[in-house]
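**Q** Structure provided below as C-alpha cells; questions to follow.
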Amino acid sequence: MYDNQTLQKAVVANKNLDQIIHNEAKKEQPPTNQLTIPDIAISLSPLGFIIGWVVFLVVLQKIRSFLDQKMVFPTNTSHKVPCKNCRFYSNNNYIKCAVKPCIVLTEEAMNCPEYSPIHKRFGSKKFP
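The following block contains the structure:
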C-alpha cells in the first residue's frame with residue numbers, strides 16, 4: 004500500500020510538473036502574428052524598388068541636361084562671319100579651317116585674306 008500511495012503521488016507530481024513546463028513554454032513563445040509581413044508588402048516591394056530607380060534616373064537626366072544647357076557658349080557673331088561660305092571651311096570637330104584654324108569663326112575672320120567663296124558648279128542661271 005505504501006508503494007501504491009508513493010506511485011500515485013509521483014504520478015500527480017509528474018502531471019503537475021508537465022503542466023508547469025507546458026505553461027512556461029507557452030509564455031516564452033513570441034506571438035507570431037506581430038512578426039509576419041503582409042503579402043501585399045512583399046509583392047509591392049520590387050515595384051517600389053523599380054519606381055525608385057526610375058525616379059532617380061529621371062532626376063539625374065534632368066540635372067545633366069540642365070548642366071549641358073549651361074555649358075553652351077552662344078556665339079553672337081558666328082552668323083556674320085563668312086567662314087561657312089569659304090571653300091577651306093569644313094564642319095570637322097578637330098579642325099574647322101585648313102588655312103587659318105586659329106581665327107576660324109571669330110571676329111578676326113571677317114577680314115581673312117585667305118577667304119575664297121564656294122563656287123557652285125551648277126547654278127540655276129546656267130541652265131535655260
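Residue numbering for the sequence shown follows the numbering used here, beginning at 4 and increasing consecutively. Ideal Cβ placement from N, Cα and C applies to all residues, glycine included.
Can you look up C105 in the DSSP assignment and give me helix, strand or coil?
**A** Walking along the sequence shown from the start, residue 105 turns up at place 102. Note: C105 maps to coil in three-state DSSP.
**Q** Measure the CB-CB distance between C100 and Y92 and report whether it falls below 7 Å.
**A** Residue numbering aside, residue 100 sits at position 97 when the sequence shown is read from its first letter. Residue numbering aside, residue 92 sits at position 89 when the sequence shown is read from its first letter. Yes.
**Q** Is it right to say V84 is buried, meaning 16 or more other beta carbons lie within 10 angstroms of its own, or is it exposed?
**A** The residue you call residue 84 lines up with position 81 of the sequence shown. Buried, since its Cβ has 16 or more Cβ neighbours within 10 Å.
**Q** Whose C-beta lies closer than 8 Å to the C-beta of L47 among residues of the same chain, with five residues either side of it excluded?
**A** The sequence position of residue 47 within the sequence shown is 44, counting from 1. Closer than 8 Å at Cβ, skipping near neighbours: no residue.
**Q** Compare the Cα-Cα distances from T109 to each of K87, P120 and D6 and report the closest residue.
**A** Taking the sequence shown and counting its residues from 1, one reaches residue 109 at position 106. When each option's Cα is compared against that of T109, the closest is K87.
**Q** From the DSSP secondary-structure annotation, give me the bridge partner or partners of C100.
**A** Indexing the sequence shown from 1 puts residue 100 at position 97. DSSP, once it has assigned bridges, lists Y92 as partnering C100.
**Q** Among all the DSSP beta bridges, which residues are the ones paired with P120?
**A** The count along the sequence shown starts at 1 and reaches residue 120 at position 117. Paired residue(s): C89.
**Q** Which residue's Cα is closest to the Cα of H122: C89, Y97 and N96?
**A** Your numbering for residue 122 matches position 119 in the sequence shown. Of C89, Y97 and N96, the residue nearest in Cα terms is C89.
**Q** With DSSP as the reference, label P49 as helix, strand or coil.
**A** Residue 49 sits at position 46 when you count from the first residue of the sequence shown. Three-state result, P49: helix.
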